[in-house]
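Residue numbers (the numbering used here): 25 to 168.
Below you can see the structure in the form of structure tokens.
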């Protein structure tokens, strides 16, 4: 379930920033296997897609870190996430410089209203045994 929410977060964020992808998937029964395949685009807001997996996991149970000091501490430890952390840090430069905290809060503000869309795509990932093509993920997110 956590992996489904994580990958659904990436997929819905990609849709929100105008990026495309070929498909989204999880491996049923694996603790941390999943991927949104071939993400392209997103422009200056592509970093939102990179943060979206972690933020979606937090949105699942509303466990967002509201204290800035706690979030700064967590961000300092966020490293091994399939490249998401390093892409996020590279992507925030144009709009936020090195200010990870402000960039993260921006991502939270952008993604929180999309929680129901993320939930819908996560549910689809859990019940569908194959990759969800972009068109299917987009249709599910639009209907949520």
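Ideal Cβ positions, reconstructed from N, Cα and C, are used throughout, including at glycine.
Since this is a predicted model, take the numbers as computed values, not measurements.
Member of the options whose CA lies at the smallest distance from the CA of residue i
i           : options           : result
residue 129 : 30, 49, 142, 93   : 93
residue 68  : 41, 108, 148, 136 : 41
residue 81  : 143, 168, 113     : 143
residue 75  : 104, 163, 165     : 104
residue 64  : 38, 78, 77        : 38
residue 136 : 44, 86, 62, 25    : 86
residue 27  : 122, 131, 78, 100 : 78
residue 58  : 66, 43, 44, 33    : 33
Same chain only: Cβ atoms within 6 Å of residue i, ignoring 5 sequence neighbours per side
i           : result
residue 116 : 71, 127
residue 193 : With the chain running from 25 to 168 in the structure shown, residue 193 is simply not present.
residue 29  : 80, 81, 84, 146
residue 168 : 140, 141, 144
residue 118 : 68
Test item: CB-CB of residue i and residue j under 9 Å
i           : j           : result
residue 134 : residue 96  : no
residue 50  : residue 138 : no
residue 66  : residue 100 : no
8 Å Cβ shell around residue i - same chain, five flanking residues per side excluded
i           : result
residue 98  : 89
residue 154 : 49
residue 109 : 74, 102, 103
Beta-bridge pairing of residue i - partner residues as DSSP gives them
i           : result
residue 44  : 64
residue 77  : None, per the DSSP bridge assignment.
residue 153 : Answer is none; residue 153 lacks a bridge partner.
residue 49  : 59
Proximal residues to residue i (C-beta, below 7 Å), its chain only, five neighbours per side dropped
i           : result
residue 132 : 79, 88
residue 62  : 45, 46
residue 158 : 44, 45, 46, 47
What are the uninterrupted segments assigned as alpha helix (DSSP H) that are 4 or more residues long and contained completely in the stretch 97-135, given in chain order?
Those alpha helix (DSSP H) runs which fall completely within the stretch 97-135 and span 4+ residues are 108-115, 117-120, 124-135.
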